[in-house]
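Heads up: the sequence shown at position 224 corresponds to 213 in the working numbering, and the numbers run straight through without jumps.
We put the beta carbon where it would ideally sit given N, CA and C, even for glycine.
Fair warning: this is a prediction, and the values are worked out from it, not measured in the lab.
A quick write-up on the structure given underneath.
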Amino acid sequence: MARINDSYLKLQAGYLFPEIGRRVKAFSDANPAADIIRLGIGDVTRPLAPAVLKAFHQGVDDLAQSDTFHGYGPEQGYEWLTEVIIDKAYAPLGVDLKPSEVFVSDGSKCDCANILDIFDLGNKVAICDPVYPVYNDTNVMVGRTGEADEHGYYAGIHYMPCTKENHFTPEIPTEKVDVIYLCYPNNPTGTVATKAGLKKWVDYARNNGSVILFDAAYEAFITEAGIPHSIYEIDGAKECAIEFRSFSKTAGFTGVRCGLVIVPEALMGTTAAGDPYSFNKLWNRRTTTKFNGVSYPVQKAAAAVYSDEGWPQVEETIKYYMANAGIIREGLTAAGINCYGGVNAPYIWLETPAGMSSWDFFDKLLKECHVVGTPGSGFGPSGEGYFRLSAFGDRNNVETAVERIRKKWGR
Ligand code: MLT
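Following this line, the structure appears as structure tokens:
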């Protein structure tokens, strides 16, 4: 029999969100009349913007005529989309990118996982705790780690706890690490980094020859001025950072699938022999070998996100979700629950009432309030005692959920 990849056996539990789905299904099957409100996985609920939908339809119609038909496109994305991304998403931030540095993809989850292909297994990786589980689990899957200890920390990974004591801000490692995952605005804690804070990471990475994997999937939800939307707003970041962005949350593409990776040409690694080598070249090689590009109609729809007609519509939806975030944050704070995030991010990170464990609170909330959230411990050991609520729900549902929680736990 063929050998399996044993590294998968080191994973301690199923992936977080399917596990939540399983528990919710079991409850709902046993209680079919329960009106369950889902604020667990960060999945959007508002429809696509009209201009985006129009472009999407047009893209499909183009496929119906031989003179506008499209087969394989460039693996890295159509140039008319990469140019829109450069002009509309990066140039206004003062970030200058070349088309060859932009790679259009089918979403950030895959990108965050696939990027590991171009890094040697011997690299030391640093991960925040709590964290978007994909960063941790994919490092386990590729065989970079040993077994997990009793807390759930895998041998070989440098974990950076983020708790209220350090304002959910990871400490710069005192040892040398090669690859650092940062996510801002942060999933799950909803916190943001300042320019000064990111500069410390860029300085560290440049001094140590490290690469920062910067997940900016939630940048469109920043409401306060002065908060960086891209790591490339920091001088020198092009020499030490790869950035991931997504249309999923920004424009409601969780079911449509489109994201992007920026791999600057200035970013270099070293070969086993110690010679410098371009990560951009490697990622391009990987992309052209393992990917055939995002579908043409989806790229048409993505380009319309940044159109003059599309962007104000997209912004309306972002404002809707952020108003939800305010309702959750303020409602629960008024009820005496300590809440974080929710100002520049669509997630509210709260301390569980009465010191309950994250999963106990999950079960109680589901059974007694019929509200689904995400247990903080599912994002890592330092998430124990915390809980995440997503602001991506329908307004009525969000208001009802807050009301139910206040009635149950409010002071
Ligand atoms: C989350 O809830 O953390 C996200 O929706 C997961 C994802 O984007 O893959």
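Item	Value
Closer than 6 Å: N176 CB and nearest the ligand MLT heavy atom	yes
First through last residue of the alpha helix (DSSP H) which encompasses L187	184 to 197
Of the residues G96, D192, P364, the one placed nearest A206, counting alpha carbons only	G96
Beta-carbon contacts of H156 that lie in its chain and below 8 Å, excluding the five residues immediately before and after	T180
W69, buried or exposed, once every other Cβ within 10 Å from all chains shown has been counted against 16	exposed
Element boundaries [beta strand (DSSP E), containing V200]	200 to 204
Cβ-based neighbour list, L86, same chain, cut-off 6 Å, excluding 5 preceding and 5 following	I75, Y79
heavy atom of the ligand MLT below 6 Å from K98 C-beta	yes
CB of T341 within 7 Å of CB of F350, strictly	yes
When G186, Y266, A314, H140 are compared against N386, the one with the closest alpha-carbon	A314
Three or more C-beta pairs below 8 Å linking the segment 258 to 275 and the segment 7 to 25	no
Environment of M(-10) [buried if 16+ CB atoms lie within 10 Å]	exposed
Touching by the beta-carbon criterion (3+ pairs, under 8 Å), the segment 360 to 368 and the segment 316 to 335	no
Reference T158; option with closest CA among P177, I169, G135, A182	A182
Check: G30 C-beta below 6 Å from any heavy atom of the ligand MLT	Position check: residue 30 holds Ile in this sequence, whereas Gly was assumed. Yes, the ligand MLT has a heavy atom inside 6 Å of this Cβ.
Same chain only: Cβ atoms within 6 Å of A194, ignoring 5 sequence neighbours per side	I201, C229
Own chain residues within Cβ distance below 6 Å of I231, not counting five before or after	L202, V252
Residue burial classification, P39 (beta-carbon count within 10 angstroms, cutoff 16)	exposed
Distance between P7 and L(-2) (C-alpha atoms, nearest Å)	17 Å
Anticipated Cβ contact below 8 Å, M311 with T212, distance rounded	6 Å
Exposure label - I337; buried when at least 16 CB within 10 Å	buried
Endpoints, beta strand (DSSP E) assigned at F92	91 to 94
Burial state of L110 (16 or more Cβ within 10 Å)	exposed
For I161, the nearest candidate out of V191, T134, T178, P122 (CA to CA)	V191
Alpha-carbon to alpha-carbon, A115 and D(-5)	22 Å
Buried/exposed call for Y4, threshold 16 Cβ in 10 Å	exposed
Span of the alpha helix (DSSP H), counted from its first residue to its last, around R274	268 to 279
Continuous alpha helix (DSSP H) stretch holding F45: start and end	39 to 51
Beta-carbon gap between I317 and V250 smaller than 7 Å	no
Nearest-angstrom Cα separation, counted from P21 out to A214	46 Å
Same chain only: Cβ atoms within 8 Å of Y221, ignoring 5 sequence neighbours per side	Y79, L82, V84, L86, K227, A230, E232, I251, P253
Contact check, I216 vs N333, beta carbons under 7 Å	yes
Cβ-heavy atom distance, V360 to the ligand PLP, below 6 Å	The ligand PLP is not part of the structure shown, which contains the ligand MLT as its ligands.
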